[in-house]
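Enquirer: Counting from 1, one number per residue, gives the positions in the sequence shown under UniProt numbering. Glycine is no exception: its CB is placed at the ideal position from the N, C-alpha and C atoms. Have a look at the structure that comes next, please.
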Amino acid sequence: MRLCQYLVVTFALMTCSASNHWVLKDERIVQKLDSPFHMREPQNLAAFLEQIRYNEYVERSYLDLLRKREQIVEHLRFSMRFGEDLAEQAKCAMDYYMLEKRMSYLKITPDQLKRINLPEGQKDLNQAQIRERSQEEPICTKYQELPVGPSTYDHLESFHPDVIESAYVEREHDNNIGTATVELTRRFAADGLQHHPGSWKFHTLSSYYWRMRGNARQALPCARIAVMLAPPMFRDIPLLSLGTILFRMGRLADADLLLTAAVEHAPLVAENHVVLASALAMKHDFNRSLQHFDEAERLDPSTLPRTQQVRNFISCLENLTKKTSKMYSYVKYMKNEVKEFKKLKYHISQNHERLIQQQLPLGARRFLDLKHSNNDDLHRRGQYCSTRTPNGSDEPVLFCDFYSDMQMRLESKDVDIDVLERDLKANTDAVIRQVSTEIRKQFNLEQLKAAKAQMPAKATKTT
Numbered sequence: 001m002r003l004c005q006y007l008v009v010t011f012a013l014m015t016c017s018a019s020n021h022w023v024l025k026d027e028r029i030v031q032k033l034d035s036p037f038h039m040r041e042p043q044n045l046a047a048f049l050e051q052i053r054y055n056e057y058v059e060r061s062y063l064d065l066l067r068k069r070e071q072i073v074e075h076l077r078f079s080m081r082f083g084e085d086l087a088e089q090a091k092c093a094m095d096y097y098m099l100e101k102r103m104s105y106l107k108i109t110p111d112q113l114k115r116i117n118l119p120e121g122q123k124d125l126n127q128a129q130i131r132e133r134s135q136e137e138p139i140c141t142k143y144q145e146l147p148v149g150p151s152t153y154d155h156l157e158s159f160h161p162d163v164i165e166s167a168y169v170e171r172e173h174d175n176n177i178g179t180a181t182v183e184l185t186r187r188f189a190a191d192g193l194q195h196h197p198g199s200w201k202f203h204t205l206s207s208y209y210w211r212m213r214g215n216a217r218q219a220l221p222c223a224r225i226a227v228m229l230a231p232p233m234f235r236d237i238p239l240l241s242l243g244t245i246l247f248r249m250g251r252l253a254d255a256d257l258l259l260t261a262a263v264e265h266a267p268l269v270a271e272n273h274v275v276l277a278s279a280l281a282m283k284h285d286f287n288r289s290l291q292h293f294d295e296a297e298r299l300d301p302s303t304l305p306r307t308q309q310v311r312n313f314i315s316c317l318e319n320l321t322k323k324t325s326k327m328y329s330y331v332k333y334m335k336n337e338v339k340e341f342k343k344l345k346y347h348i349s350q351n352h353e354r355l356i357q358q359q360l361p362l363g364a365r366r367f368l369d370l371k372h373s374n375n376d377d378l379h380r381r382g383q384y385c386s387t388r389t390p391n392g393s394d395e396p397v398l399f400c401d402f403y404s405d406m407q408m409r410l411e412s413k414d415v416d417i418d419v420l421e422r423d424l425k426a427n428t429d430a431v432i433r434q435v436s437t438e439i440r441k442q443f444n445l446e447q448l449k450a451a452k453a454q455m456p457a458k459a460t461k462t463t
């Protein structure tokens with residue numbers, strides 16, 4: 001009943017005035033000139049009721065918009081703290097890489113050289129004899145053609161010409177292999193290729209030499225030819241070399257395939273399991289990695305010191321990877337928050353547009369009582385202008401009006417979507433840089449070089 005009385009009174013007021021909104025000010029009842037209820041058609045009750053609905057939605061939703069913004073800002077702060085904590089925890093992964101000894105299972109070791117088991121005649125040659133016999137580099141394709149087909153794994157993407165053309169690996173040096181050993185390996189390999197061009201052993205030895213030199217383009221064909229020539233019972237040795245080269249090139253999928261093949265050819269050789277498990281750990285395939293470490297330790301308990309180092313790394317990295325996945329999910333969630341924020345602001349703008357369509361313009365058409373109205377409030381506002389061409393005229397006319405409260409609020413920095421998106425992108429990039437540098441990009445060569453440059457130089461053996 002009271003609502004009906006209110007509507008009747010309101011409607012009566014609308015019929016005798018252009019304003020539907022009156023307020024008590026200085027003990028006087030005056031028009032609220034910047035009210036959304038100062039309407040173009042004050043007698044239109046349906047428009048008035050719609051105006052109430054639009055106004056309530058805009059005001060309520062704007063408060064929701066502010067709350068959402070505060071939520072997003074707080075989530076941004078949390079993500080930065082979370083990223084900083086992760087980067088700090090991830091130092092255990094980088095500490096692992098800075099200890100050069102722990103990378104030895106992915107480098108050539110004296111044990112790997114011994115596994116080739118050179119022919120007796122070759123073992124008896126001393127360095128002077130080798131020097132006399134050969135001064136050449138062991139280029140395997142001069143002695144054996146590299147055929148196309150499954151025997152050389154030609155179908156793998158890693159052996160496409162464009163990949164080979166840009167192939168790169170760092171020089172390999174175990175602490176127990178000095179420069180004299182590199183030279184001796186070259187001479188053994190070159191002499192062996194000259195006298196035994198069909199022997200898989202000298203092609204494998206040549207692949208070791210080129211790995212020591214950091215020349216992937218020569219190491220790859222030598223290892224592939226050795227795989228083709230080696231009998232099944234020894235094929236794991238060149239497969240191990242070939243897989244390690246690809247792994248060090250960053251070709252992880254193909255390296256996994258070849259190192260797995262090496263294990264399948266010789267499942268009782270503990271070293272094959274150690275190398276495959278280590279590569280799988282770097283690939284973040286932790287379950288398979290631990291299975292092969294278990295098998296290596298069962299076959300040869302003496303591998304435990306090396307496997308334990310990587311197990312510690314897996315424990316560290318597995319935990320960090322889970323937390324990193326959580327971090328990426330959280331970033332995705334925040335992006336969705338910004339999308340919802342953007343959508344809500346758009347709906348507010350749309351409803352506000354409907355709201356002002358029913359209003360008289362603030363500046364020119366509302367009655368201004370200079371003595372008793374709140375005109376000063378209007379005059380302090382900014383203005384917006386647009387050029388329009390009235391019907392029946394070719395002359396453009398400049399129309400200007402004042403911003404409403406809501407218009408100014410929607411255009412303020414408090415609800416600026418561009419600022420929020422920019423902050424989110426900057427924050428996300430910073431977090432990803434912090435975390436990915438430590439966890440996701442373990443093989444960033446420039447970082448490794450910089451880290452190693454800070455380590456004290458180690459004396460290498462020369463004999």
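#1: Taking Cβ positions, are Arg171 and Arg213 nearer each other than 9 Å?
#2: For the putative contact between Leu113 and Tyr208, defined by C-beta atoms under 8 Å, what is the C-beta separation to the nearest angstrom?
#3: Taking C-beta to C-beta, are Glu271 and Thr303 nearer than 9 Å?
#4: For a quick check, are the C-beta atoms of Lys283 and Asp256 less than 9 Å apart?
#5: I think Ile237 touches Thr204, with their Cβ atoms under 8 Å apart; what is that distance to the nearest whole Å?
#6: Anyone know if the C-beta pair for Ser206 and Leu229 falls short of 9 Å?
#7: Determine the contact status of His38 and Tyr330, defining contact as a CB-CB distance below 9 Å.
#8: Among residues of its own chain, excluding the 5 on either side of Leu252, which ones have a beta-carbon nearer than 7 Å to its beta-carbon?
#9: For the pair the region 287-302 and the region 325-343, tell me if three or more CB-CB distances fall below 8 Å.
#10: According to DSSP, is Arg224 helix, strand or coil?
#11: Whole-angstrom Cβ separation of Leu242 and Val227, contact assumed at under 8 Å?
#12: Does DSSP classify Gln358 as helix, strand or coil?
#13: Thinking C-beta only, is Ser61 closer than 9 Å to Ile348?
#14: Is Lys322 buried or exposed, if buried means 16 or more other CB atoms sit within 10 Å of its CB?
#15: Report the CB separation of Leu146 from Pro221 in whole angstroms; it is logged as a contact under 8 Å.
#16: Excluding the 5 residues flanking Leu99 on each side, which residues of the same chain have their C-beta closer than 7 Å to its C-beta?
#17: By the three-class DSSP mapping on this structure, what secondary structure does Val269 have?
#18: Assuming Tyr168 and Met249 make a contact with CB atoms under 8 Å, what is their CB distance in whole Å?
#19: Give the secondary structure of Arg311 by DSSP, where H, G and I count as helix, E and B as strand, and everything else as coil.
#20: What does the Cβ neighbour count give for Phe78, buried or exposed, with the cut at 16 atoms within 10 Å?
#21: Roughly how many whole angstroms lie between the Cα atoms of His379 and Ser35?
#22: Compare the C-alpha of Arg53 against each of Val274, Arg28 and Asn351 and name the closest.
#23: Using 9 Å as the threshold, is the C-beta distance between Lys335 and Leu424 below it?
#24: If you follow the beta strand (DSSP E) that Lys25 is part of, which residue opens it and which one closes it?
#25: By Cβ distance, which residues of its chain are closer than 7 Å to Gln291, with the 5 residues on each side in sequence left out?
#26: Taking 9 Å as the threshold (C-beta atoms), are Leu118 and Phe188 in contact?
#27: Within a Cβ cutoff of 6 Å, which residues of the same chain sit near Leu156, ignoring the five residues on either side of it in sequence?
#28: Count the other C-beta atoms from every protein chain shown that fall within 10 angstroms of the C-beta of Thr185, then say buried if there are 16 or more, exposed otherwise.
#29: Based on Cα-Cα distance, which residue from Phe234, Pro138, Arg409 and Glu318 lies nearest to Lys345?
#30: Mapping the DSSP letters down to three states, classify Ala453 as helix, strand or coil.
#31: Can you give, in chain order, each stretch of the alpha helix (DSSP H) that sits fully within the region 135-192 and has at least 4 residues?
#32: Buried or exposed: which applies to Pro396, given that a residue is buried once 16 or more other Cβ atoms fall within 10 Å of its Cβ?
#33: Near Leu355, what residues of its chain come up, given a Cβ to Cβ distance below 7 Å and the 5 sequence neighbours on each side ignored?
#34: Just curious, the alpha helix (DSSP H) that Asp236 is in, first and last residue?
#35: Using a 10 Å radius around the Cβ and a threshold of 16 neighbouring Cβ atoms, would you call Val310 buried or exposed?
#36: Is Arg28 helix, strand or coil when you go by DSSP?
Expert: Reading from the atomic positions:
#1: Remark: C-beta atoms of Arg171 and Arg213 approach each other more closely than 9 Å.
#2: Rounded, the Cβ-Cβ distance is 7 Å, consistent with contact.
#3: One thing to note: Glu271 has its Cβ within 9 Å of the Cβ of Thr303.
#4: The answer is yes: Cβ separation under 9 Å.
#5: Yes, they are in contact, since the Cβ atoms of Ile237 and Thr204 sit about 6 Å apart, within 8 Å.
#6: Contact: no.
#7: Taking 9 Å as the cut-off, the beta carbon of His38 is found no closer than this to the beta carbon of Tyr330.
#8: The residues Lys283, in chain order, have a CB closer than 7 Å to that of Leu252 in the same chain once the five nearest residues on each side in sequence are set aside.
#9: Cβ pair count under 8 Å is below three, so no.
#10: Secondary structure at Arg224: helix, using DSSP grouped into helix, strand and coil.
#11: The Cβ separation is near 6 Å, so the contact holds.
#12: If DSSP states are grouped into helix, strand and coil, Gln358 belongs with coil.
#13: Note that the C-beta distance between Ile348 and Ser61 is below 9 Å.
#14: Exposed is the call here.
#15: Contact between Leu146 and Pro221 holds, with the beta-carbon distance rounding to 5 Å and staying under 8 Å.
#16: Reliability fails at Leu99, whose pLDDT of 44 lies under 50, so the model's placement of it is uncertain and the value that follows must be treated cautiously. For Leu99, where only same-chain residues beyond five positions count, there are no Cβ hits under 7 Å.
#17: Coil.
#18: Yes, Tyr168 and Met249 are in contact; Cβ-Cβ is about 7 Å, under 8 Å.
#19: The answer is helix: DSSP assigns Arg311 an H, G or I state.
#20: By the neighbour-count rule (16 or more Cβ atoms within 10 Å), Phe78 is not buried but exposed.
#21: Residue placement at His379 cannot be trusted, given a pLDDT of 48 that sits under 50; the coordinates are not used to answer.
#22: Among Val274, Arg28 and Asn351, the Cα nearest to that of Arg53 is on Asn351.
#23: Yes, the Cβ-Cβ distance between Lys335 and Leu424 is below 9 Å.
#24: Looking at the DSSP string, the run of the beta strand (DSSP E) that includes Lys25 is Trp22 to Lys25.
#25: Around Gln291: no qualifying Cβ.
#26: Yes; because the gap between Cβ atoms is below 9 Å, this pair is in contact.
#27: For Leu156, where only same-chain residues beyond five positions count, the Cβ hits under 6 Å are Asp254.
#28: Looking at its Cβ environment, which holds 16 or more other Cβ atoms inside 10 Å, Thr185 is buried.
#29: With distances taken between CA atoms, Lys345 lies nearest to Arg409 out of Phe234, Pro138, Arg409 and Glu318.
#30: Low confidence applies here, because Ala453 scores a pLDDT of 44, under 50, leaving its location unreliable; read the following figure in that light. Helix, per DSSP.
#31: Counting only runs of at least 4 residues, the region 135-192 fully encloses the following alpha helix (DSSP H) elements, listed from N- to C-terminal order: 161-165.
#32: It is exposed - the Cβ of Pro396 has fewer than 16 other Cβ atoms within 10 Å.
#33: The answer, listed in chain order, is Pro36, Gln51, Tyr54, Asn55 and Val58.
#34: Asp236 to Met249 is the span of the alpha helix (DSSP H), which, as asked, contains Asp236.
#35: Counting Cβ neighbours within 10 Å, Val310 comes out buried, since at least 16 surround it.
#36: Looking at Arg28 - three-state DSSP - the assignment turns out to be strand.
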